[in-house]
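Chains as they are written, first to last, in the working numbering: chain A, 1 to 338; chain B, 1001 to 1311.
Step one of this worksheet: look at the structure below.
So, in structure tokens, the structure goes:
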């Protein structure tokens, strides 16, 4: 986000008349559509969670519920109003930071989710860092030995790893590193009440490993392809003829041009992780938002479902915009008005 | 009847012939590559096992046959699961629903997505805006979260699962087909046919669709492998096939706690799912390579994913 703000700040002071700056215009149009999509998604989520068969309150509480309890739940879910004003009062409360009270836990949704949000953020950030470094290094290795056995075996491994379902990878990881061959790490990542994942880093290792296996192939493929493209271009050939060393070729000439593709694929991976952690978190019973989402859907905890889905959609939409802007920032030629 | 049927019949005959030719060419090309052969072999191995499995004489898949988590031996090849049911029998019976649901939802998603994308490209104006903006909005929710949201509305029903997977895959197909169709719709032969007064539906079906069989075939492959992974994942989370019915995803979840005692309850379905996912994905990759050629084909997985998330 800071990058985006800096970009607008840096560009704003130079008005250019008719030719608007491409980054600024992109940012404005993408932000507008982003906000619009979030609004539409929130309407869809609100409508979807309340289209239970019959009366939502009865469906949640069951047939034996007392009338007082039903009335209380109806007002809690804004069901005593018309659908439109119900949505509006729900959205108004959410904008003021009130996301309602969990139906199963009795706690406020925010208090329930906040620590899990931190745990998931740690998981996602750790995965993103490890997978990017690993993918870039392996991609560089494969690209510098194009069509050798190293390149071929890395590419096949990447294809296989990227095809595997996340929970199958996670189960294999548990089998190998926690149960059968080695017993180095705990098989589940359940935390005692009030503790965060950084208090027990050894419970973080296996979930991160599983996600890294799933996500790294994309970084690897993208980086390898863009590096090969850069290495076969004319300017690199000129540099080679002038006698530049291999490391200078790689780091000085080819790497800067592969940056855009890398940012794009890291952004994509983050997007994927926003939704994809649910499966891996379930395998490890990792106390994050993915597990919370699955649990809230199983229990039909409507306020929690609404909050989590809208939250994930917001993260998804804005991550997308940040990725696009970051790509434009590192590829000056694409900034030129066409 | 005969007089009106005659002028229409030539395009009817031409369309399908052209279409079958293109698909056959891509399939043959994919099968000539090592990846295509390996992918198809792996896929057929698991598909064969899943569909022949229920007819193989074995113990009951839902009745208790021994002590929970007992090890292989004593007449049961892979031991028993968390409730003491025979693992081998459950593995043999637990594959076909997944494959059937994945095939149905892929077919529906490709059909719906292709129609939506091509109609949007051909019609333009309001139709285009409405279709493509709805596609954007569906794609702005993470796939798995979207399916979970739909499932949370009514509960885990089989038809709902198919519908959810279809609705979440269709926008991706729509976006690819829209991009491919835009170019075709501007071609002279399409405009000429439209000027002849041929109704839009016929123009799309007889004249635009046959030119789009290549991206369509690739999308079928990609979507099938995504659908399999998605449905298996939903089964694993408990939102698909309901116990006591056997399903590989459900088995992985049920027997997770017994990993240290009898790991076959998890390992057998997990290995089959892994082989199936790798097989379909490798085959889809081979299709994409043949369809779009060499280096470009190699990045298809990443590139299509890119096209899908960045608008």
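Note that CB positions come from ideal geometry on N, CA and C, so glycine has one too.
Note down the Cα distance separating residue 26/A from residue 176/A, rounded to an integer number of angstroms. 47 Å
Who are the near neighbours of residue 1300/B in its chain, counting only those whose CB is closer than 6 Å to its CB and skipping five residues on each side? Per-residue confidence for residue 1300/B stands at a pLDDT of 40, beneath the threshold of 50, marking its modelled position as unreliable; the derived number appears in the next sentence. 1288.
Distance between residue 1023/B and residue 288/A (C-alpha atoms, nearest Å): 45 Å
Which complete alpha helix (DSSP H) runs does the stretch 1121-1199 of chain B hold, if anything under 4 residues is left out? 1125-1139, 1143-1154, 1158-1185, 1188-1195
From 1292/B, 1279/B, 1291/B, residue whose alpha carbon lies closest to that of residue 1035/B: 1279/B
Neighbour list for residue 262/A in chain B, Cβ cutoff strictly below 7 Å: The premise fails here: residue 262/A is roughly 12 Å from chain B at the closest Cβ pair, so nothing lies under 7 Å.
C-alpha distance - residue 1062/B paired with residue 1090/B, whole-angstrom precision: 8 Å
If you draw a straight line from the alpha carbon of residue 90/A to that of residue 33/A, how long is it in whole angstroms? 22 Å
Which residues, in chain order, does the stretch 136-158 of chain A contribute to contact with chain B at a C-beta distance below 9 Å? 155, 156
Where the alpha helix (DSSP H) through residue 269/A begins and ends: 255-284
Determine, using beta carbons only, whether residue 121/A comes closer than 8 Å to chain B. no
If we cut at 8 Å on Cβ distances, does residue 1263/B have a partner in chain A? yes
What does residue 160/A touch in chain B if you count any residue whose Cβ is under 7 Å from its own? 1278
At the level of alpha carbons, what is the spacing between residue 316/A and residue 1138/B? 12 Å
Tell me, please, whether the stretch 237-257 of chain A touches the stretch 173-193 of chain A by the rule of three or more beta-carbon pairs shorter than 8 Å. no
Is there contact between the stretch 1076-1087 of chain B and the stretch 1261-1274 of chain B, where contact requires at least three CB pairs shorter than 8 Å? yes
At the level of alpha carbons, what is the spacing between residue 1007/B and residue 1192/B? Low local confidence applies: a pLDDT of 43 at residue 1007/B is under 50, so the model's placement there is unreliable, and no value is given.
Find the nearest neighbour of residue 1223/B within the set 1134/B, 1259/B, 1190/B, 1282/B, judged by alpha-carbon distance. 1282/B
Anything in the stretch 293-314 of chain A with a Cβ closer than 9 Å to a Cβ of chain B? List those residues in chain order, please. 293, 294, 296, 297, 298, 300, 302, 305, 308, 309, 312, 313
Looking at the unbroken alpha helix (DSSP H) that takes in residue 1281/B, where does it start and where does it end? 1264-1292
Against chain A, does residue 1310/B count as a neighbour if the rule is that its beta carbon must be under 8 Å from one of theirs? Note that residue 1310/B scores 36 on pLDDT, short of 50, meaning its location in the model is unreliable and no value can be drawn from it.
Between the CA atoms of residue 197/A and residue 191/A - distance to the nearest angstrom: 7 Å
Kindly indicate which residue of 279/A, 264/A, 306/A, 275/A has the alpha-carbon position closest to the one of residue 101/A. 306/A
Between which two residues does the alpha helix (DSSP H) harbouring residue 160/A extend? 149-163
Quick one: does residue 279/A have its CB under 8 Å from some CB of chain B? yes
I need the DSSP call for residue 108/A, collapsed to helix, strand or coil. strand
Please identify the residue among 22/A, 70/A, 92/A, 66/A whose C-alpha is closest to the C-alpha of residue 43/A. 92/A
Alpha-carbon to alpha-carbon, residue 1207/B and residue 1117/B: 15 Å
Look up residue 332/A in the DSSP assignment and say whether it is helix, strand or coil. helix
is_contact[residue 1070/B, chain A] using C-beta, thresh 8 Å: no
If distances are taken between C-alpha atoms only, which option among 77/A, 283/A, 82/A, 274/A comes closest to residue 309/A? 274/A
Chain-ordered neighbours of residue 164/A on chain B, where CB pairs are closer than 8 Å: 1274, 1277, 1278
Using a Cβ-Cβ cutoff of 9 Å, what residues of the stretch 170-181 of chain A are near chain B? List them in chain order. 171, 172, 174, 175, 178, 179, 180
Assign residue 1002/B to one of two classes, buried (16 or more other C-beta atoms within 10 Å of its C-beta) or exposed (fewer than that). Only weak support exists for where residue 1002/B lies, its pLDDT of 41 falling under 50; the value from the coordinates is given anyway. Classification of residue 1002/B: exposed, given that the 10 Å Cβ count is below 16.
Taking the straight line between their C-alpha atoms, what separation do you get for residue 321/A and residue 329/A? 12 Å
Test item: CB-CB of residue 1043/B and residue 1276/B under 8 Å: yes
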